[in-house]
Amino acid sequence: MKTTQNIETISLPVLGMTCAACAVSVESMINAQPGVDKAEVNYATQSVKVSYHPAQIQPSAFQKAVQAIGYDLILDVENGKEKQEEVQRNNYNALKKRMISAALLTLPVVIIGMFFMELPYANYYMLVLTTPVLFVFGRSFFINAFKQARNGSANMDTLVALSTGIAYLFSIFNTFYPEFWHSRGLHPHVYFEAAAVVIVFIMLGKLLEERAKSNTSSAIKKLIGLQPKTVLVITENGEIETPLAEITIGSKILVRSGEKIPVDGEIYKGSSYVDESMLSGEPVAVSKNKGDKVFAGTINQKGSFRFQAEKVGGATMLAQIIKMVQDAQGSKAPVQKLVDKIAGIFVPVVMGISLLTLLIWVLAGGENAFTQGMLAMVTVLVIACPCALGLATPTAIMVGIGKGAENGILIKDAEALELGYKVDAVILDKTGTLTKGKPEVTEMIWQEGLSIDKQILEGILLDLEQQSEHPVAEAIVNYLRPTKTETVAVEEFESLTGKGVHGFYKGQQYWAGSHKILVNAGISINDNLLKSVEGFQKQAKTVIYFANSKQVLAIVAIADQIKDGSAMALAELKKQGIAVYMLTGDNHETASAIALQVGIIDFKAEVLPADKAEFIKELQQQGKIVAMIGDGINDSHALAQADVSIAMGKGSDIAIDVAKITLVSSDLMQVPKALRLSKLTVRTIRQNLFWAFIYNLIGIPIAAGILYPLNGFLLNPMIAGAAMALSSVSVVSNSLRLKFSNLI
């Protein structure tokens, strides 16, 4: 829940929705309440997101409003999803039992209706068997339709109740008063089997639909499954197995070989290799030692270690990932808002078409016009279904977001997923996006013919830099430390601000730092090293000089190295016809060197945060759809301005909060994958909408009897019920195909 200018936003599970029109009813009912700023219902996630003024209205009022039209809300924010899943599981099991019972009663009705119509009292047998199918096992359709009608609305249950109810009553009339038709020279047909089969087929469709929809959120379940249930906490009394929920910041935890890491923290004892593929997508385990960070959900492979909890509960990276995926799966794509409006008017329109069908048959039909008109009216009500239309977008979005989560691409908003495939311009920050964001030693060149042991000199340089607080010093320490087993103690250490460091070893002076050190101390550098320095400077690398009082002993080249795969990722984007730009606050020389290495032609250096956003605005005014990729606080303004904003997972919290897509591994190769995922998802949405519209556009006229004057074909309501049920299942199944798509 979040608060913004006296408006609170809350997401609540909805119970009892059976079609997209239900979602529209719930949404309009909550929006009509005083104090509600905006309500959005997502049929696929069975949830409603409400922005409201807490001083004017409370969530309990939303619940009363939707209960009045036959639905319900779960107000428990913490455990709402679990309670909803439990209710849905119970409803699924109950629906399964009702469907099986209804099918057992319907089977003899179908057999009699198709093969033994001349059996004595056949109609009465079918009446007895059909009645419980409709009003016991299928009673929910009629109850929900009545509640909708009472509030002046309609949904799929209205269509089912009307079609089966009319067929049932028409058949009862023909059973008890057959002479009405006999006197007019007509045979009184009954449609008990059609009414019963429609109920069974629709119940079967609902059953399959519920099962399919539960599969679309499997990514969430997988992520939640990464959390262990209990943890070994280290206390004064030894190791105690403690429930995960009881872990607090500062708790000291033991992780053994093969165990999942329960919360985020920092290792204080021990070392191991940790499988972080769920975060980075990389299969190679990462070495972890004292001082290294570990994250919830990752798996310890070899060795054991102890760490101190720094983030627990909803603050862990895994919990944030789960929340982002859940929020994204509940968000609506722009196209879905249009579909919702269509679904809202769909049911009344179909009811109008069914009445018009009857009227046309009565006016233009032959001797059996009324009977055939009634049959056609029932068939129109049965075959028309807004569910396929309502499920077309959200199911594809849900599966697409789940697919992204499995590949380390976290999509926070459905709009980003829908817009991604349209992107034709990509803006990149340099530091932390194209580069690793951390200076590293790229090369170290020693003066030739030194009389002093190189191992000792390395030890002196290492000890000097270990005592320095400069960021560049850390890069040199990280470079030298793995090769040094013996330590060398430098005496009289001195930090020279803006220049470098100075110290003594066995009476000899040593310096490490910038060119200013050489100038101040009057130290010379030979021509070979000088040529190397000039080469490094052309590559925009920082050069550190290591010298004694007589000469420069070595030069160290340091750079923020380009990430592996950056050049390949940009080449892939260009191949897709996307223009690539680099904007950086760094100087022109460094920006030019980096741009050259990764193949970027268009770049701007020494750019302020506001300038980045302004540049994006200029591109948007040219009609371009712009994606911004960044990682720092300075990128947040530009990320907010972009059409599609992408943050590096190792970037700042603000950048991640602003961005609509986060790349967990910070690997730029994920960008083409994200754009391809968008393309595949949008293609699936279009396929779903196409088939949903085509199904209704073709099905309704055929059901109305448009083919009857041509070839005498009149669609059986029983077949119409089966087609309607299968339409929803086909849409969901098509969305699930996204799971098996290749993003490369």
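Residue numbers for the sequence shown follow the numbering used here, beginning at 184 and rising by one.
The beta carbon of each residue, even a glycine, is placed where N, CA and C say it ideally should be.
Ends of the beta strand (DSSP E) at residue i?
i: glycine 620; result: 618-629
i: glutamine 241; result: Where glutamine 241 is concerned, there is no enclosing beta strand (DSSP E), given that its DSSP letter is neither H nor E.
i: arginine 174; result: Residue 174 lies beyond the residue range present for the chain, which begins at 184 and ends at 927; the question has no answer from this structure.
i: tyrosine 688; result: 683-688
i: leucine 633; result: Here leucine 633 belongs to no beta strand (DSSP E), and DSSP marks it neither H nor E.
i: glycine 615; result: Where glycine 615 is concerned, there is no enclosing beta strand (DSSP E), given that its DSSP letter is neither H nor E.
i: alanine 932; result: The shown model of the chain, from 184 to 927, leaves out residue 932, and the question about it has no answer.
i: valine 931; result: The question about residue 931 has no answer here: the residues shown for the chain are numbered 184 through 927.
i: tyrosine 764; result: 762-766
i: isoleucine 594; result: 592-594
i: lysine 471; result: 469-471
By DSSP, does residue i sit in helix, in strand, or in coil?
i: aspartate 255; result: strand
i: serine 924; result: coil
i: phenylalanine 478; result: coil
i: leucine 890; result: coil
i: aspartate 785; result: strand
i: asparagine 357; result: helix
i: threonine 228; result: coil
i: isoleucine 844; result: strand
i: proline 303; result: coil
i: lysine 435; result: strand
i: alanine 567; result: coil
i: glutamate 419; result: coil
i: proline 196; result: strand
i: valine 606; result: coil
i: leucine 897; result: coil
i: proline 426; result: strand
i: glutamate 657; result: helix
i: alanine 215; result: coil
i: lysine 452; result: strand
i: glutamate 677; result: strand
i: isoleucine 161; result: Residue 161 lies beyond the stretch modelled for the chain, which goes from 184 to 927, so this question has no answer here.
i: glutamate 223; result: strand
i: glutamine 250; result: helix
i: asparagine 917; result: helix
i: lysine 515; result: Legend: pLDDT at lysine 515 = 48, less than 50; position of this residue unreliable, value from coordinates given subsequently. It is coil, neither helix nor strand.
i: aspartate 769; result: coil
i: serine 234; result: strand
i: threonine 347; result: helix
i: threonine 413; result: strand
i: valine 446; result: coil
How would you write the range of the alpha helix (DSSP H) that residue i sits in, first residue to last?
i: glutamate 601; result: 597-602
i: aspartate 826; result: Where aspartate 826 is concerned, there is no enclosing alpha helix (DSSP H), given that its DSSP letter is neither H nor E.
i: alanine 750; result: 749-758
i: lysine 800; result: 792-804
Return the chain-ordered list of same chain residues with a C-beta closer than 7 Å to the C-beta of residue i, the five sequence neighbours on each side being excluded.
i: serine 651; result: Ser678 and Val684
i: serine 284; result: Phe320
i: valine 168; result: Residue 168 lies beyond the range of the chain shown here (184 to 927); nothing can be said about it.
i: asparagine 770; result: Ala788 and Glu789
i: lysine 619; result: Asp743, Gln744 and Lys746
i: valine 749; result: Per the sequence shown, residue 749 should be read as serine rather than valine. Excluding residues within five positions, the ones whose Cβ falls inside 7 Å are Leu617, Val781 and Leu851.
I'd like the list of long-range same chain contacts for residue i, defined as Cβ closer than 6 Å, with 5 residues on each side in sequence excluded.
i: isoleucine 741; result: Pro622, Val624, Val655, Ala658 and Thr725
i: alanine 286; result: Val383
i: lysine 232; result: Ser194 and Glu223
i: serine 463; result: Legend: pLDDT at serine 463 = 48, less than 50; position of this residue unreliable, value from coordinates given subsequently. So the qualifying residues of the chain are Ser848.
i: leucine 541; result: Gly556 and Met560
Ordered along the chain, which non-local residues of its own chain (more than five positions away) have a Cβ less than 8 Å from that of residue i?
i: alanine 498; result: Asp447
i: valine 306; result: As written in the sequence, residue 306 is asparagine, which differs from the valine given in the question. Hits under 8 Å: Ser354, Asn357, Thr358, Val373 and Phe375.
i: isoleucine 928; result: The question about residue 928 has no answer here: the residues shown for the chain are numbered 184 through 927.
Exercise for review: For the stretch 372-381 and the stretch 348-356, state whether three or more C-beta atom pairs, one from each stretch, are separated by less than 8 Å.
Suggested key: In short, these stretches touch, since the Cβ pair count reaches three.
Review point. Is there contact between the stretch 863-875 and the stretch 829-849, where contact requires at least three CB pairs shorter than 8 Å?
Key: Contact between the stretch 863-875 and the stretch 829-849 is not established, with fewer than three Cβ pairs separated by less than 8 Å.
Review point. Counting Cβ pairs, one atom from each stretch, are 3 or more of them under 8 Å apart for the stretch 448-455 and the stretch 411-431?
Key: As far as the Cβ criterion goes, the stretch 448-455 does not touch the stretch 411-431, which means the pair count is below three.
Exercise for review: Would you check if the stretch 247-256 and the stretch 317-334 touch, i.e. whether three or more CB-CB distances between them fall below 8 Å?
Suggested key: The stretch 317-334 vs the stretch 247-256: in contact.
Exercise for review: Any chance you could list the beta strand (DSSP E) runs of at least 3 consecutive residues sitting entirely within the stretch 696-744, in chain order?
Suggested key: Runs of the beta strand (DSSP E) inside the stretch 696-744: 725-731.
Point to revise | Contiguous alpha helix (DSSP H) assignments of at least 4 residues, all confined to the stretch 260-340 | key: Annotation: the stretch 260-340 contains the following complete segments of the alpha helix (DSSP H) (minimum length 4 residues), in chain order: 263-298, 305-315 and 322-333.
Practice item. Could you name each continuous beta strand (DSSP E) segment of 3 residues or more that falls completely within the stretch 844-880, going from the start of the chain to the end? Key: Those beta strand (DSSP E) runs which fall completely within the stretch 844-880 and span 3+ residues are 844-846.
Exercise for review: Pair every Cβ in the stretch 468-488 with every Cβ in the stretch 433-443, then say whether three or more of these pairs are closer than 8 Å.
Suggested key: The answer is yes - the stretch 433-443 touches the stretch 468-488, with three or more Cβ pairs under 8 Å.
Check your understanding: Is the stretch 599-613 close to the stretch 803-818, with three or more CB pairs under 8 Å?
Key -> Cβ pair count under 8 Å is three or more, so yes.
Review point. Between the stretch 686-697 and the stretch 641-649, are three or more C-beta pairs nearer than 8 Å?
Key: As far as the Cβ criterion goes, the stretch 686-697 touches the stretch 641-649, which means the pair count is three or higher.
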